[in-house]
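Residue numbers (this note's numbering): 22 to 243. Ideal placement from N, C-alpha and C gives every residue a C-beta, glycine not left out.
As structure tokens, then:
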């Protein structure tokens, strides 16, 4: 399958928010769709490979962040993951539907890689650092895959990293118990072993298709 426009219905997660939050999400949808569509013509001649996810290549910013924290409170930078193919996803542990589904798909895809699973990491970047403390984040990601890592930081650090990939998120009004939802972009961002942007997927991308594309990236870097 050649690069295609992202389906807007598959890049959202969350419940009701205000007009500002919805506007942010719409801007993200427009960016993802335009990015994929801009690469449709001539994509085959530049890279004659079969991709199941949307190939965006250098149009996506490379993997870059520093001085953020792992779920074990260790400082981490993007350079730590050089040499690994990375799937980055922005979500939160209280997400009721799309986040666990997407994490399950990515985890299953890594299982399908067999011995090559060691060459891949999932980075789950929380957009809810207030509730996603270290222990909560660690328990969440390890429940899906031993290759998954939880990433957190200050609200400003997370906002900066999210904006780098045009990720939008907004918080719903807390209920009487203090519970709230977070509406956020729900795309999978894939980077090669050198941290270069490669692909964009969604929660609707089946695990076997994710695995297929990961194998190609691993083989290209071999």
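Asked                                                                                                         : Found
Host alpha helix (DSSP H) of residue 184 (start-end)                                                          : 176-185
Classification of residue 67 by the beta-carbon crowding that lies within 10 angstroms, buried from 16 upward : Confidence at residue 67 is low in this model, with a pLDDT of 49, below 50, so the placement of that residue is unreliable and no value is reported for it.
Residue 104 versus residue 170 - alpha carbon distance                                                        : 16 Å
The segment 187-207 / the segment 94-104 touching (three or more Cβ pairs under 8 Å)                          : no
Minimum C-alpha distance to residue 109 - residue among 168, 151, 230 and 80                                  : 168
C-beta atoms of residue 102 and residue 153 nearer than 8 Å                                                   : no
Neighbour flag for residue 137 against chain B, beta carbons, 8 Å                                             : The structure shown contains no chain B; it holds only a single protein chain.
Residue 216 - containing beta strand (DSSP E), residue span                                                   : Counting along the chain, residue 216 falls outside any beta strand (DSSP E), and DSSP gives it neither H nor E.
Integer-rounded CB distance, given that residue 155 should sit under 8 Å from residue 89                      : Their Cβ separation, rounded to whole angstroms, is 12 Å, which puts residue 89 and residue 155 out of contact at 8 Å.
Strand pairing of residue 96, partner residues [DSSP]                                                         : 90
Endpoints, the alpha helix (DSSP H) within which residue 162 is located                                       : 155-163
Span separating the alpha-carbon of residue 234 from that of residue 144                                      : 17 Å
Boundaries of the beta strand (DSSP E) in which residue 112 is found, first to last residue                   : 106-112
Rounded C-alpha distance that separates residue 162 from residue 142                                          : 11 Å
Where residue 160 falls, given that 16 or more other Cβ within 10 Å makes a residue buried                    : exposed
Opposing strand residues paired with residue 142 [DSSP bridges]                                               : 107
Separation of residue 195 from residue 166, as counted between CA atoms                                       : 31 Å
Exposure of residue 182, with buried meaning 16 or more beta-carbon neighbours within 10 Å                    : buried
Residue span of the beta strand (DSSP E) that contains residue 169, given as start and end                    : 169-173
Exposure of residue 64, with buried meaning 16 or more beta-carbon neighbours within 10 Å                     : With a pLDDT of only 46 at residue 64, under the threshold of 50, the placement of this residue in the model should not be trusted; the figure read from the coordinates follows. Buried is the call here.
Identified DSSP bridge partners for residue 75                                                                : 221
Where residue 123 falls: helix, strand or coil (DSSP)                                                         : helix
CB-CB length for residue 84 against residue 232, believed under 8 Å                                           : Not confirmed; about 20 Å, so no contact.
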